[in-house]
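For reference, the structure discussed in these notes is given below.
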Amino acid sequence: MNIKENCSIFTFRPPGVLKSSVNHSKRLRHPLIPAYERQNLNDLGFEIDPHNNNLNDILTYIPEGNLFLSILENAYFIIQEGFDGVVITNDLQLIDETLHFCKNQSLDQIKIDLNDAQLLEEIFLAFDPKWMQYDHWMGYCLSKSYLANLYTPTTMKIAIPEYRNNNIFIGNSISRELYDNTLEKAKLNSRTIFLKDGIYKAKKLALFHPNSHYPYDYFNFHDTRRIFNFINKNSQYKNDLPTNFLIATNQKNQSCFSDHFQSILTQTCNELNLPIIHLENMDWESQIALFSQAEFIIAPHCPELINLYFCQKDTTLLELTSFNKNKSSISCWPFLIASTNNINYCFIDMLKDNINIEFLKKTVRNIRAL
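Heads up: the sequence shown begins at 358 in this note's numbering, then just goes up one per residue.
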């Protein structure tokens with residue numbers, strides 16, 4: 358359809374070879390496991406789709422959907438902290454989904470002069486304003502870039518922003534080492550063009566979109582995990598890593614746990630002989646091995662849970678999370694990953710559940726006994 362006269366043309370093209378990213382009908386999710394008897398699961402359904410009143414249907418089925426390759430001609434896009442990947446028309450109209458991850462700002466707050474735009478030929482865009490956060494880097498940017506490397510012409514370059522040493526928008530961003538290492542592991546360097554901050558105009562600009570207004574619906578498709586399978590195929594088994602463990606809360610995983618709850622977690626794990634893992638003390642390859650060998654994981658809601666894509670089928674995750682309808686972030690994506698990849702998922706809502714040591718011990722024992 359025409360976005361604006363004398364401006365970009367936006368076309369949807371079928372995913373073609375992306376056969377596993379076409380759901381012609383609803384598919385069953387891997388069953389959600391209640392963490393305890395009579396647990397209210399509705400808040401999780403509301404997180405997935407707040408506009409759908411049939412919460413049980415949301416939790417039971419993967420909806421119909423397609424992953425489209427969208428082509429824009431003569432389109433402008435921005436690389437600037439807080440607005441990375443935002444696509445605009447020549448009259449500064451926003452036309453791309455990545456705005457879901459922007460700050461609550463308008464383009465009036467940044468200086469845009471289209472006369473300064475650098476001209477590019479064929480470009481694929483996968484990053485969003487939170488691309489330096491680990492889950493967005495792996496789950497969106499690298500995952501979509503890997504698919505583009507498989508399914509788009511080699512003449513099309515994959516655009517990625519240059520690494521930023523000082524990032525204010527993302528408090529705990531990926532390291533330069535991980536940035537370089539993951540691109541190398543994904544075999545993307547030969548197709549990648551690294552861009553500095555600025556305004557760019559592409560003669561052809563390609564993006565992958567789910568046919569939904571929720572960007573995290575991308576995790577409903579099996580193709581999302583292709584990059585993780587590729588990276589994981591050469592990982593080595595490590596005998597020194599546990600298969601049952603708690604991921605420790607820390608500043609990097611942005612946990613808001615109170616000191617009291619931290620104490621409950623620590624004592625519970627000690628009494629159940631569950632090791633506590635500090636991911637910040639592990640190299641990335643060891644983290645991959647940790648998740649790929651895992652059988653039972655207790656974890657706070659954190660970016661590192663994108664590593665569920667490295668897990669084997671029937672791994673169990675107990676996520677310690679909170680569902681607050683007034684917050685701006687969405688915390689449902691670990692369930693979407695688990696339920697489309699045969700991983701057992703259950704959760705405890707820290708804001709609502711009356712959590713003490715005995716409750717937590719009983720919950721963990723019951724889940725592990727399933």
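Glycine residues also receive a C-beta, built at the ideal position from the N, C-alpha and C atoms.
Query	Result
Am I right that K558 and L476 are in contact with their C-beta atoms under 8 Å? What's the rounded C-beta distance?	5 Å
Would you mind working out which of I655, Q619, Y503 and F551 sits nearest T720, comparing C-alpha positions?	I655
Under the three-state reduction of DSSP, which class applies to C498: helix, strand or coil?	helix
Roughly how many angstroms separate the alpha carbons of Q669 and F585, rounded to a whole number?	12 Å
So, for M707: in the same chain, excluding its five sequence neighbours on each side, which residues have a beta-carbon less than 8 Å away from its beta-carbon?	F614, F618, L677, T678 and S679
Going by alpha carbons, who is nearest to K718 out of T549, C626 and K501?	C626
Do the CB positions of F653 and P632 come within less than 9 Å of each other?	no
Determine, using beta carbons only, whether Q650 and Y594 come nearer to each other than 9 Å.	yes
Grouping DSSP H, G and I as helix and E and B as strand, with all else coil, what is A543?	coil
Between F565 and the rest of its own chain, which residues show a CB-CB distance below 8 Å, the 5 nearest in sequence each way excluded?	L424, F425, L426, S427, A483, K501, L504, A505 and Y575
Leaving aside the five residues before and after N610 along the sequence, list all residues of the same chain whose C-beta is less than 7 Å from its C-beta, in chain order.	Bear in mind that the predicted position of N610 carries a pLDDT of just 49, short of 50, making it too unreliable to give a figure here.
From Q624 to A605, what does the alpha carbon distance come to, in whole angstroms?	13 Å
Nearest-angstrom Cα distance between A432 and V443?	11 Å
Use the C-beta contact count for S532: other C-beta atoms within 10 angstroms, 16 or more gives buried, fewer gives exposed.	exposed
Does DSSP classify G422 as helix, strand or coil?	strand
For P572 and F526, which I take to be in contact (beta-carbon distance under 8 Å), what is that distance rounded to the nearest angstrom?	That pair is no contact at about 17 Å.
Taking only the alpha-carbon atoms, compute the straight-line gap between S355 and I467 and give it to the nearest angstrom.	The displayed coordinates of the chain run from 358 to 727. Any statement about residue 355 would go beyond what the structure contains.
Please classify A563: is it buried, with 16 or more other beta-carbons within 10 angstroms of its beta-carbon, or exposed?	buried
In whole angstroms, give me the CA-to-CA distance for I445 and I435.	8 Å
For R386 and T697, which I take to be in contact (beta-carbon distance under 8 Å), what is that distance rounded to the nearest angstrom?	7 Å
Which residue wins for smallest C-alpha separation from H579, given the options D616, S592, G496 and E438?	G496
Alpha carbon to alpha carbon, how far is L449 from R384?	39 Å
Is the CB-CB distance between L389 and L412 below 9 Å?	no
For P657, write down the residues that DSSP places opposite it in a beta bridge.	L677
My parser needs the beta strand (DSSP E) runs of 3 or more residues fully inside the stretch 527-608; what are they?	549-552, 555-567 and 601-604
Can you list the alpha helix (DSSP H) stretches of 4 or more residues lying completely in the stretch 382-411, in chain order?	399-405
Nearest CA to the CA of S592: which residue from A646, N577, L629 and F716?	A646
Are the beta-carbon atoms of F667 and N577 separated by less than 9 Å?	no
So, helix, strand or coil for N627, using DSSP?	helix
Taking I705 as the reference, give the member of I724, P567 and F551 with the closest Cα.	I724
Tell me which same chain residues have a C-beta within less than 7 Å of the C-beta of S530, skipping the five on either side of it?	M489, Q490 and N524
Taking the alpha-carbon positions, what's the D470 to Q437 distance?	13 Å
Less than 7 Å between C-beta atoms, sequence neighbours within five positions excluded: which residues of the same chain meet that for F551?	I517 and E519
With H, G and I counted as helix, E and B as strand and the rest as coil, what does DSSP make of A516?	strand
Leaving out the 5 sequence neighbours to the left and right, which residues in its chain are closer than 8 Å to I712 when beta-carbon positions are compared?	F618, I621 and I705
Could you give the C-beta distance for L499 and A543, rounded to a whole number, given that I count them as a contact under 8 Å?	6 Å
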